[in-house]
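Enquirer:
Numbering (the UniProt record's numbering), first residue to last: 1 to 369.
1) Note down the Cα distance separating residue 150 from residue 355, rounded to an integer number of angstroms.
2) If I measure Cβ to Cβ from residue 171 and keep anything under 7 Å in the same chain, skipping five residues before and after, which residues do I get?
3) Please classify residue 166: does DSSP put it in a helix, a strand, or coil?
4) The alpha helix (DSSP H) with residue 33 in it runs from where to where?
5) Can you tell me whether residue 19 is buried or exposed? The criterion is at least 16 other CB atoms within 10 Å of its CB, across all chains shown.
6) With the cut-off set at 8 Å, would you say residue 59 and residue 169 are in Cβ contact?
7) Using DSSP with H/G/I as helix, E/B as strand and the rest coil, what is residue 307?
8) Is it buried or exposed, residue 11, if we count other Cβ atoms within 10 angstroms and call 16 or more buried?
9) Can you say whether residue 62 is buried or exposed, counting buried as having 16 or more other CB atoms within 10 angstroms of its CB?
10) Quick check on residue 38: buried or exposed, where buried means 16 or more other Cβ atoms within 10 Å of its Cβ?
11) If you count every other CB in all the chains shown that lies within 10 Å of the CB of residue 270, and 16 or more means buried, which is it?
12) Taking the alpha-carbon of residue 201 as reference, which of 207, 190 and 208 has the nearest alpha-carbon?
13) Decide if the stretch 358-365 is in contact with the stretch 318-334; the criterion is three or more beta carbon pairs, one per stretch, under 8 Å apart.
14) For residue 357, count neighbouring Cβ atoms within 10 angstroms of its own Cβ and tell me buried if that reaches 16, exposed if not.
15) Going by Cα to Cα distance, which pick from 79, 16 and 7 is closest to residue 296?
16) What does DSSP give as the partner residues of residue 263 in its beta bridges?
17) Mind checking which residues open and close the alpha helix (DSSP H) that includes residue 209?
18) Using 8 Å as the Cβ pair cut-off and three pairs as the minimum, do the stretch 107-123 and the stretch 222-231 touch?
19) Could you spell out the range, first to last residue, of the beta strand (DSSP E) harbouring residue 149?
20) Just how far apart, CA to CA, sit residue 240 and residue 75?
21) Using a Cβ-Cβ cutoff of less than 8 Å, which residues in the same chain neighbour residue 152 once the five nearest sequence positions on both sides are dropped?
22) Please state whether DSSP places residue 38 in a helix, a strand or coil.
23) Roughly how many whole angstroms lie between the Cα atoms of residue 283 and residue 326?
24) Considering just the uninterrupted stretch of the alpha helix (DSSP H) at residue 23, what are its terminal residues?
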């Protein structure tokens, strides 16, 4: 569902990378979504979606930071034709072993045990950057994807491996080398894809840790936050109390880049916090989903996405830590603080409305009756 259809101001997102998607499965749900991400082998589903919902943007998943050696990515010693990465494992091993990141003992860095068969690449290597950008752009253009969802634009290797990159003496130095390399890779790939008329949308992990990173890395079409409206400490809802949030608000207000948002979990608090926070960013290029399962196996849709709030009647506002935004037919409120906050739900047709209180770390979506 695109913004403003049926009164829902937040576009639908489908991060459909958990399993292969058949054309029939895609057609059955395609009209719900403004933004769809599929694997590179789901070209038939891409074509079916475009026929059913031409306004939807359909991106192909590609990993910025790893190449893959597990079955399906490599079979019988040969790279698959359709890859989840920009560089094949066999190709890199035979032709550019220097593209693999190594530790002080010259061992390649596998994201094991959590992600076996994923190998950290030397994202700072200019040859790797240029090859990734060229291969991915050529594929996107040839198959007529709208662009790329570039995964693993991350800030810390320690989520995947405890190894340190050769030449660095600490985790901080390893992370700084990776972040700097990704800064360059994003620029190279984004520039090439943008010149081809395609979107480049990285999945930025922990952008809140580096002020300016969200703005910088989203400049070629947009960015994704895969852990949106996550519960923090003392009632906080990440990233609402960080510089990243300020950057997201600015971009949403300009409407220049896409903002893709995923809230992990599907209980009532997760969904309310995620949707209401996304509504604060609502605009023509904002889309959201809640992920009941981390494997992204099923097309997501929540009851709250039928909320007929209507169009925004003003920007989001904050008062005493409480965020609110008013719409033609309702209001959302988000309390990312450690104390209960009072707020009013306006009456239909005007009036002082009803007085309510919102506990710490909670949100509400109220549609006028």
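All residues carry an ideal CB built from backbone N, CA and C; glycine is no exception. Bear in mind the structure is a predicted one, so any value in this text is a computation, not a measurement.
Expert: By the coordinates alone:
1) 44 Å
2) 158 and 164
3) coil
4) Neither: residue 33 is in no alpha helix (DSSP H) and is coded neither H nor E.
5) exposed
6) no
7) coil
8) buried
9) buried
10) buried
11) buried
12) 190
13) yes
14) exposed
15) 16
16) 290
17) Residue 209 -> no alpha helix (DSSP H), and no H or E assigned at all.
18) no
19) 147-153
20) 44 Å
21) 63, 64, 65, 66, 203 and 205
22) strand
23) 13 Å
24) 23-29
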